[in-house]
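Counting in UniProt numbering, the sequence shown runs from 1 upward without gaps.
For glycine and all other residues, C-beta sits at the position ideal for the given N, C-alpha and C.
Please read the structure below before turning to the comments.
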Amino acid sequence: MLSSQFPALGDLEKAVLDDLWSHVSGDAKEVHARVGVARGISPNTVQSTLERLYRKSLLTREKISHAYVYSPRVQREELMGAMIADLVGTLGKAQSGSMLSAFVDFAVRADQSNLDRLESLIAARRASQSAGEEPQ
């Protein structure tokens, strides 16, 4: 689980995480080929980004032969939850009604079918809590 102090992420860090979530793992050369080439950045920049994400405890790494192979330490959903919790904490928990309203508005703008999905998720969470299960 991520700490309550969420590490700030730049655009390249987010792109690298997204790539590793999609491909499970990769060394600097592989990630550069998938992310860096299209952005016109050097392999060293990608390597530095992987190292920063590792130091932020968002990646694990294993030395294989002469290179580190990086993998996500956290799942996308966990990171998104930490980002939302950080934002809510920054803007004030007393305004949770405003936060929920903004979340619903965002969901609708992203895709109208998200409201149905949100209703299903809420119903499933209520059912699991009624059954005495731990929240996920």
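### Query
Nearest-angstrom Cα distance between GLU62 and SER128?
37 Å
### Own chain residues within Cβ distance below 6 Å of THR60, not counting five before or after
SER71, ARG73
### Task
Tell me whether LEU121 is buried or exposed, calling it buried when 16 or more other Cβ atoms sit within 10 Å of its Cβ.
exposed
#### Entry: Simplified DSSP assignment, three categories, for SER57
coil
### Query
What residues are listed by DSSP as bridge partners for PRO43?
In the DSSP output, where bridge partners are listed per residue, PRO43 has none listed.
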